[in-house]
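The block underneath contains the structure these notes are about, expressed in structure tokens.
Protein chains in written order, with the numbering used here: chain G, 382 to 1031; chain X, 58 to 620.
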């Protein structure tokens, strides 16, 4: 397994090429099966390699140079260490299940082959991202997943709104990417300027060795490490939908639902968290940047949760929930709990993947309806979907002993007890936890419980999804329940597997004190459970039976409700203060800059002057002999005068 | 025969299209088929000949290779001197690669005066290659000016509504710069002739020690000529007009090759001849370059006309080239060169795509399209990949180029240029993807768009080769970078005292052994190498080297060639 690392990304790439070329000539099921198998085999290789990493340590695979110019050498080098192993396992494992699910979900879509080509291409890019051994190669995957996200959000491109959503995702991501590139360049040139032409490298291992250089060199009043860490974090904000660049993710729900599950919940959007853990040596040496990460994460978590509580589109609820949970992960890595961040990333991939696939199953059954106000009572017709959805909701809400409980618990503890954390961060995280439990169960209760509010037409077509869709739901539900085993706390008599496995990757860990006694730990867990259960209980009490009461509350706090349900008007503010001014300025450049100034005053001005001068002098050419004689005489006089004035013959 | 080809490869490259033009001229204008196929065959043959240059190119040296050098007007020291180095190699290839594709794209597009149209392209190809390989100022200037004529005709005869305005504007803009450059060339010539035997050979004129004040004036004259051609902000307004009015083929060549004459001119002439002035003006030019990047992108963003939008995007993309060159580092210069190629491929292909749409709908307005991806899926795939190449998606050509330019620019003392240029990456995605969305996506509402046919085999054959190279440059840029590495390295490190070693054509044995090889019996008065060559003595005085052949592979370049 050690020497087959490159096959992990290559298999999905080959799958994508197959779907895009040969697959077009074959029956469409061939493309689907090949795509699923490609990811399946990649998963097998990935798990084998991960086992190898667990037993024998990191694997490196070099595949030659990509760009080599003077001081800059970028190799196509892949490496799998424990961190990459976890990410690979998540990407290929969850990815495989979602591919299988897609077989059923997309069965009747006209763009079937294109869909699987894109999905495989995405998997390829995501695997390049997590296996890259240097920053530029990571960036290749980073932009590549952005591209696939763009293509898949706008998959049904005939709908202008969906096409716009794809474009928005790409452009907002590009804002982050531009900063990311600047961060890379800063790291590169700092080395070159310090150690000479041959000293620059963007390999993770080399960067890690030179981390003291970044901490001691200063640029613009800050250390290079801080500036670079912040620039890279701006990239992460774009990719992982954090404030203020999160605006593309809710719109990204325009894509097919399995895409939302795979790209916009389980894998791609977690790339920013992965990147920060990968660069942990840089961040631990830049406390200011760490603080920014933690605060942005915590604020985003609360902000998105506040929006999620009033959303009525089932996918929008999940989208804001994803933003919120990503905020949790950034909070974790921001206070130095790197392995907790990855732990939550993993469990989140399970339960959020599950929730999205469940939502897809509902939408599939409801003939495309996404509004939870028009659902209700689905538990009768969709028993499997209903049960698994509730499992997912319980996991994300932090129901005791489910996977989300353990991972969230770790994060909240770290936010409070880490030397980089504090009570304020704990309060933000705790509030978010309560809100999360509330809005998830509001959503689940409105969709599945009570009486049906759907139209007769829709109700008539209700059906449970085919096995290819139910099976992934069941598997993900199991993982959502037991996934916590990856990071069981010490109080339960276990070793934290995730924490130990990732230890070699975390170069200079932030020491986070453990609870002093098992009793203290159990007490802490009890408090966390209480918060989650309170939120869940409140939601189940209110919905769906006391809908009228909920409505009247919304009415009495109309302003606040409107603020939340209109997403704090952020899109409108961006339109007003960024997009429109930019467009107006572009028009000014075009019409005034080019039109009036350069062409008008400049080019045509000169042309006009020449023409005018020509016309003026033309009138001298009257053809009249006397006039010519006068001019001749006058010219001669001028020449003679000048000659004499300049000294004549002397 | 083979030996003859070997010995005169560049002359053949220049003359072959001219001979071809004569042959094409003999064909009856009625016989469209023969005209098109014949011209296509000729340009393909030309491409194959140029591949020979790549095959035999020695990437280990910065010297100009395949050199030929003969007396032309001995009294004035005018020579016929041509050669290729790592800077011009790929630009020549770009020219010979795109010309057949342009001919292939004209199959149904050109209705009137087909023969004259094809002749224009053959002559254009000859003059472009001539300008790229010329190493004598008189020769270069000849090609530089001659290049304008076919393009002037292409715009003025086969152009759109305002073709006369556009053609005249194109001509006047370029001439203004050229005339000043001519004055500067004359100054150089006479100044050089004060000390040495008169020569217009570039290799002799390199390394003159010119006072700073004079350098500034001369650099200004050269820079103006080249900056108009690039075009740099604020000298760019001729470009959108020329592009909009030019026929598809004209736009392709204009964007892909003619604009590169400007940036190539900076690399070959303006910077190495006047290094101190170049350094002095670098911040100003970098500033103009980044203004161009942002300004071009913004104006692109609001264009209602497809061709205008692509034209303004060229202003933005060429800004990267200029920024890379004036960063005066390896990465920047290599990036600039890569961007020249990448822009040639992607923008050339974009104009071809726009042409294909125009042939079907006879409109260039973006608002007339929409939902094209539904009716033309193959076109949509190719168009999207080309667009992504243009906005620098990793794995495609544009990324390697822009990334290297940014790396180079970030290494400068003033990092603001790199940071502003970095925002161009965002704006690029913005205007390109907006355009893609408005053309390809959405419902196919317009009934005229609902009946459009997807690409024909011929049209795919036009775009596919370009696509291959866009991918190749993105995935294996080494193929291109390695062959220009020695020349770029030399250009960067020896900038303050730039000389180029002249290496005559190599014989079939692959060794360089004097220009006597194979040449003498066919050609007039070969000029001994090293005549008129000068070097700066210890005290900075110029001393003429004794005439006579200097052994190859030795001298001041030897140490450099080692790596």
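Yeah, the Cβ is synthetic: ideal placement off N, Cα and C, and Gly gets one too.
- As for any beta strand (DSSP E) of minimum length 3 sitting wholly inside the segment 798-880 of chain G, there is none.
- Residue 97/X sits away from residue 186/X, with the two beta carbons spaced by 9 Å or more.
- Not a single CB atom of chain X sits nearer than 9 Å to the CB of residue 443/G.
- Proximity to residue 640/G across 734/G, 762/G and 996/G peaks at 734/G, based on C-alpha coordinates.
- Identification of residues in the segment 235-246 of chain X having a C-beta nearer than 8 Å to some C-beta of chain G yields an empty set.
- Contact annotation, residue 275/X with residue 245/X: C-beta distance approximately 7 Å; criterion of less than 8 Å satisfied.
- Beta bridge pairing from DSSP links residue 584/G with 515/G.
- About 13 Å separates the beta carbon of residue 164/X from that of residue 304/X, a gap too long to meet the 8 Å contact definition.
- Look at residue 681/G here: in three-state DSSP terms it is helix.
- A Cβ-Cβ contact shorter than 9 Å links residue 567/G with residue 608/G.
- Every alpha helix (DSSP H) stretch that sits fully inside the segment 680-733 of chain G and reaches 4 residues is listed by chain position as 695-715.
- For residue 548/G, the neighbours in chain X by C-beta distance under 9 Å run, in chain order, 486, 487, 490, 491, 493, 494 and 498.
- Considering only 461/G, 544/G and 394/G, the residue with the shortest C-alpha distance to residue 386/G is 461/G.
- Proximity to residue 218/X across 135/X, 562/X and 299/X peaks at 299/X, based on C-alpha coordinates.
- Residue 366/X is positioned such that its CB atom lies no closer than 9 Å to that of residue 457/X.
- Chain G places no beta carbon closer than 9 Å to that of residue 218/X, leaving this residue out of the contacts.
- Residue pairing by DSSP places residue 122/X opposite 141/X in a beta bridge.
- Under the criterion of beta carbons closer than 8 Å, residue 750/G and residue 839/G qualify as touching, at roughly 6 Å.
- When Cβ-Cβ separations below 9 Å define contact, residue 143/X makes no contact with chain G.
- Shown in chain order are the members of the segment 520-543 of chain G whose Cβ falls below 7 Å from a Cβ of chain X: 520, 521, 524, 525, 528, 535, 538, 539 and 541.
- Contact check for residue 203/X and residue 197/X: beta-carbon distance about 11 Å, past the 8 Å limit, so the pair fails to qualify.
- When rounded, the separation of the alpha-carbon atoms in residue 670/G and residue 224/X is 56 Å.
- Of the residues 777/G, 943/G and 752/G, the one whose Cα lies closest to the Cα of residue 863/G is 777/G.
- Membership of residue 446/X in the alpha helix (DSSP H) is indicated by the continuous run 434-447.
- For residue 555/X, same chain residues with a beta-carbon under 6 Å away, outside a window of 5 residues either side, are 263 and 329 in chain order.
- Of all residues in the segment 101-127 of chain X, none comes within less than 9 Å of chain G when Cβ atoms are compared.
- For the pair residue 284/X and residue 239/X, the CB atoms are not nearer than the 9 Å cut-off.
- A straight line joining the alpha-carbon of residue 581/G with that of residue 433/X spans about 47 Å.
- When the five nearest sequence neighbours on each side are left out, the beta carbons in the same chain lying within less than 6 Å of the beta carbon of residue 865/G are those of 784 and 787, in order along the chain.
- Here residue 128/X carries a strand assignment [DSSP, helix/strand/coil].
- At least one beta carbon of chain X lies nearer than 9 Å to the beta carbon of residue 968/G.
- Taking C-alpha positions only, residue 118/X is separated from residue 301/X by approximately 42 Å.
- Counted as a single uninterrupted DSSP element, the stretch harbouring residue 191/X is not any alpha helix (DSSP H), since DSSP gives it neither H nor E.
- When C-beta distances to chain G are compared with 9 Å, the residues of the segment 366-389 of chain X below that value are 369, 386, 387 and 388, in chain order.
- Proximity to residue 595/G across 586/G, 575/G and 391/G peaks at 575/G, based on C-alpha coordinates.
- In the DSSP assignment, residue 997/G falls within the alpha helix (DSSP H) that extends over 986-999.
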